[in-house]
Amino acid sequence: EAGVAQSPRYKIIEKRQSVAFWCNPISGHATLYWYQQILGQGPKLLIQFQNNGVVDDSQLPKDRFSAERLKGVDSTLKIQPAKLEDSAVYLCASSRWYLGSSGNTIYFGEGSWLTVV
Amino acid sequence: DAKTTQPTSMDCAEGRAANLPCNHSTISGNEYVYWYRQIHSQGPQYIIHGLKNNETNEMASLIITEDRKSSTLILPHATLRDTAVYYCIVLSGGSNYKLTFGKGTLLTVNP
Numbered sequence: 007e008a009g010v011a012q013s014p015r016y017k018i019i020e021k022r023q024s025v026a027f028w029c030n031p032i033s034g035h036a037t038l039y040w041y042q043q044i045l046g047q048g049p050k051l052l053i054q055f056q057n058n059g060v061v062d063d064s065q066l067p068k069d070r071f072s073a074e075r076l077k078g079v080d081s082t083l084k085i086q087p088a089k090l091e092d093s094a095v096y097l098c099a100s101s102r103w104y105l106g107s108s109g110n111t112i113y114f115g116e117g118s119w120l121t122v123v
Numbered sequence: 350d351a352k353t354t355q356p357t358s359m360d361c362a363e364g365r366a367a368n369l370p371c372n373h374s375t376i377s378g379n380e381y382v383y384w385y386r387q388i389h390s391q392g393p394q395y396i397i398h399g400l401k402n403n404e405t406n407e408m409a410s411l412i413i414t415e416d417r418k419s420s421t422l423i424l425p426h427a428t429l430r431d432t433a434v435y436y437c438i439v440l441s442g443g444s445n446y447k448l449t450f451g452k453g454t455l456l457t458v459n460p
């Protein structure tokens, strides 16, 4: 079973520029998550999709971050304009359905490393 | 959300068992305990999860106390590749389950 795919792996941009990250979840997984992980901290949930609908985006800075999941499969996370404090690893994850049920869990990609200079 | 408390760091000798504790005294009856780990420069990796009973898989064992207020993750024979940050997470319930990560425990396995 292929894992969660993310691209690009690394990105360096100047502040006020824009950047987009792409994620392809594990086949058949209805739930998709984007997490932000700042160096030295645990991952923080930005947005959660169930199929192509948003379930939770309470911690997404909506003035500069946007995300979409067209057709309920791939997803894109965009930052525009970027700030220095956006330097972090952006992790995409997916799961079959709601967590907690027997055998269900969430799988993470390798992450996209963003440096804003 | 039920919060967890973990030691900041731990050391373990290669080949010995690594026992990682986690306190979750405010856990609710229907909340699961999940363990993930994150090796440097990689995404978090699922290890194991449980509700009430002890659980074991090919990676580790999870021991949950009877009152469910704490748990221990056991890596039976730690190797150098097990050096990572280990996260104990109580799964927040409701209609949209999500994992909320703390700072975790940095486990260093020494040769």
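Residue numbers (the numbering used here), protein chains in the order written: chain A, 7 to 123; chain B, 350 to 460.
Just so you know, even glycine gets a beta-carbon here, dropped at the ideal spot from N, CA and C.
These numbers come from a predicted model, not from an experiment.
- Between the C-alpha atoms of A:C29 and B:E407 there is a straight-line separation of about 29 Å.
- Looking at B:N459, B:Y435, B:Y395, the one whose alpha-carbon comes closest to that of B:G453 is B:Y435.
- Per the C-alpha coordinates, the member of B:N403, B:F450, B:N459 positioned closest to B:R386 is B:F450.
- Counting only runs that start and end inside the stretch 421-457 of chain B, the beta strand (DSSP E) elements of at least 3 residues fall at 433-439.
- Separation of A:T37 and A:F55 (C-alpha to C-alpha, rounded to the nearest whole angstrom) is 6 Å.
- Contacts with chain A at 8 Å (Cβ-Cβ) do not include B:L422.
- The beta carbon of A:Q42 sits no closer than 8 Å to any beta carbon of chain B.
- The continuous beta strand (DSSP E) containing B:Y395 extends over residues 394-399.
- Taking all protein chains shown into account, A:L97 has 16 or more neighbouring C-beta atoms within 10 Å of its C-beta and is therefore buried.
- Contact with chain B is absent for A:D80, since none of that chain's Cβ atoms lies less than 8 Å from the residue's Cβ.
- Secondary structure of A:K68 (DSSP, three-state): coil.
- In this structure A:L120 is not in contact with A:D80, their Cβ atoms being roughly 19 Å apart against a cut-off of 8 Å.
- Taking the Cα positions, B:I396 is about 6 Å away from B:W384.
- With a 10 Å radius around the Cβ and a threshold of 16 neighbouring Cβ atoms, A:Y16 comes out exposed.
- With a cutoff of 8 Å on beta-carbon distance, A:I112 and B:L448 are scored as near each other.
- Apart from sequence neighbours up to five positions away, the residues of its chain that approach A:F27 with a beta-carbon distance below 6 Å are L83, Y96, S118, ordered along the chain.
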